[in-house]
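Down below is the structure, laid out as structure tokens.
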Amino acid sequence: MPRSARKKSNSGIYHIVIRGINKQRIFEDDRDNRYFLERLKTYKEVGGYEIYAYCLMSNHVHLLMTEGEEAIGTAFRRIGASYVYWYNWKYNRTGHLFQDRFRSEPVETDEYFLTVMRYIHQNPLKAGIVNKIQEYPWSSYREYRQKPALCDTTYALNMFSLEHANALRLWAQFNQEESNDRCLEYDDGVRFNDFEAAELIRKTANVKNPGDIQAYEKQKRNTAIKMLKEEGLSIRQIERVTGVSFGVIRGV
Numbered sequence: 004m005p006r007s008a009r010k011k012s013n014s015g016i017y018h019i020v021i022r023g024i025n026k027q028r029i030f031e032d033d034r035d036n037r038y039f040l041e042r043l044k045t046y047k048e049v050g051g052y053e054i055y056a057y058c059l060m061s062n063h064v065h066l067l068m069t070e071g072e073e074a075i076g077t078a079f080r081r082i083g084a085s086y087v088y089w090y091n092w093k094y095n096r097t098g099h100l101f102q103d104r105f106r107s108e109p110v111e112t113d114e115y116f117l118t119v120m121r122y123i124h125q126n127p128l129k130a131g132i133v134n135k136i137q138e139y140p141w142s143s144y145r146e147y148r149q150k151p152a153l154c155d156t157t158y159a160l161n162m163f164s165l166e167h168a169n170a171l172r173l174w175a176q177f178n179q180e181e182s183n184d185r186c187l188e189y190d191d192g193v194r195f196n197d198f199e200a201a202e203l204i205r206k207t208a209n210v211k212n213p214g215d216i217q218a219y220e221k222q223k224r225n226t227a228i229k230m231l232k233e234e235g236l237s238i239r240q241i242e243r244v245t246g247v248s249f250g251v252i253r254g255v
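FYI, in the working numbering the residues of the sequence shown are 4 to 255.
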């Protein structure tokens with residue numbers, strides 16, 4: 004069946020999601036995250052695109068960006084090929100790493116631009132990885148509070164105020180607001196997305212943060228994991244959301 008054409012953004016701005024093939028991890032350690040961000044920066048200079056927000060999760064990436072001199076598809080073929088070559092060399096593997104086609108949605112209004120930005124920055128929070136969005140090291144949130152290394156921060160800040168300190172205060176307040184934003188997601192064939200899985204873990208295991216399961220004594224931890232598997236969460240999803248190792252979960 005032929006693929007449908009990507010919906011063109013009149014503003015030139017897109018929300019992009021790149022995922023590991025078969026939902027596999029694409030970042031194993033901090034070096035992987037840093038190298039991917041370096042590729043984004045390198046090809047930003049080549050392709051002329053701008054990045055307004057990003058978040059690198061264990062098996063997928065969210066980007067809020069504008070198309071540059073070259074098409075976004077061309078840009079991501081460059082980035083993907085470069086990162087996969089290095090990743091395969093590092094981990095002594097062969098074959099594809101990314102889903103064959105990234106997903107995208109046009110961002111046409113300032114209101115939706117800010118919604119997508121907040122959604123991207125809150126990804127680690129809603130997945131239960133951190134308690135505060137500023138704690139996550141692999142999103143663009145910190146770039147807005149420090150000297151930007153990759154992002155154009157002025158575009159978003161000017162939507163709040165032309166005075167920098169006031170804009171930053173209002174921007175941070177907006178990004179930290181509790182929300183139920185649901186933007187572009189990879190829900191195909193998955194019973195629970197990570198946000199829903201995190202909520203299920205909190206209720207099932209009676210924890211504030213899914214990662215708290217790691218501190219449980221062994222029998223209590225394994226009982227909670229078994230219940231989550233019975234609820235329909237996959238081993239990889241439990242690993243991703245709680246931080247408990249794949250081997251431990253598989254052995255329960």
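Note that beta-carbon positions come from the ideal geometry of N, C-alpha and C, so glycine has one too. Computed from a prediction, not measured in an experiment: that's the story for all the values here.
Asked                                                                                                                                         : Found
Distance, Cα to Cα, I238 vs N62?                                                                                                              : 14 Å
In the DSSP assignment, find the unbroken beta strand (DSSP E) run with M68 in it and report its ends.                                        : H63 to T69
Closest to A175 by C-alpha separation, out of E146, I24, K223 and F249, would be which residue?                                               : E146
Return helix, strand or coil for K123, following the three-state DSSP convention.                                                             : The residue asked about is misnamed: residue 123 is Ile in this sequence, not Lys. Reduced to three states, the DSSP call for I123 is helix.
Start and end of the alpha helix (DSSP H) containing R37?                                                                                     : D33 to G50
From which residue to which residue does the beta strand (DSSP E) around A56 run?                                                             : E53 to L59
Going by DSSP, name the residue or residues bridged to G23.                                                                                   : F101
For Q240, does the count of other Cβ atoms within 10 angstroms reach 16, so buried, or fall short, so exposed?                                : buried
In the DSSP assignment, what are the bridge partners of H18?                                                                                  : L67 and E108
Taking L67 and A56 to be in contact with their CB atoms under 8 Å, please state how far apart those CB atoms are, rounded to whole angstroms. : 4 Å
Express the C-alpha separation of I136 and F101 in angstroms, rounding to a whole number.                                                     : 26 Å
I'd like to check one pair, N169 with F163: are the Cβ atoms closer than 9 Å?                                                                 : yes
Have a look at D155, E138, R22 and R37 and flag the residue whose alpha-carbon is nearest the alpha-carbon of M120.                           : D155
On the three-state DSSP scale, how would you describe A85?                                                                                    : According to the sequence provided, residue 85 is Ser. The question's Ala does not apply to it. Here S85 sits in helix by DSSP.
Just mark R104 as buried or exposed, buried being the case when its beta carbon has 16 or more other beta carbons within 10 Å.                : exposed
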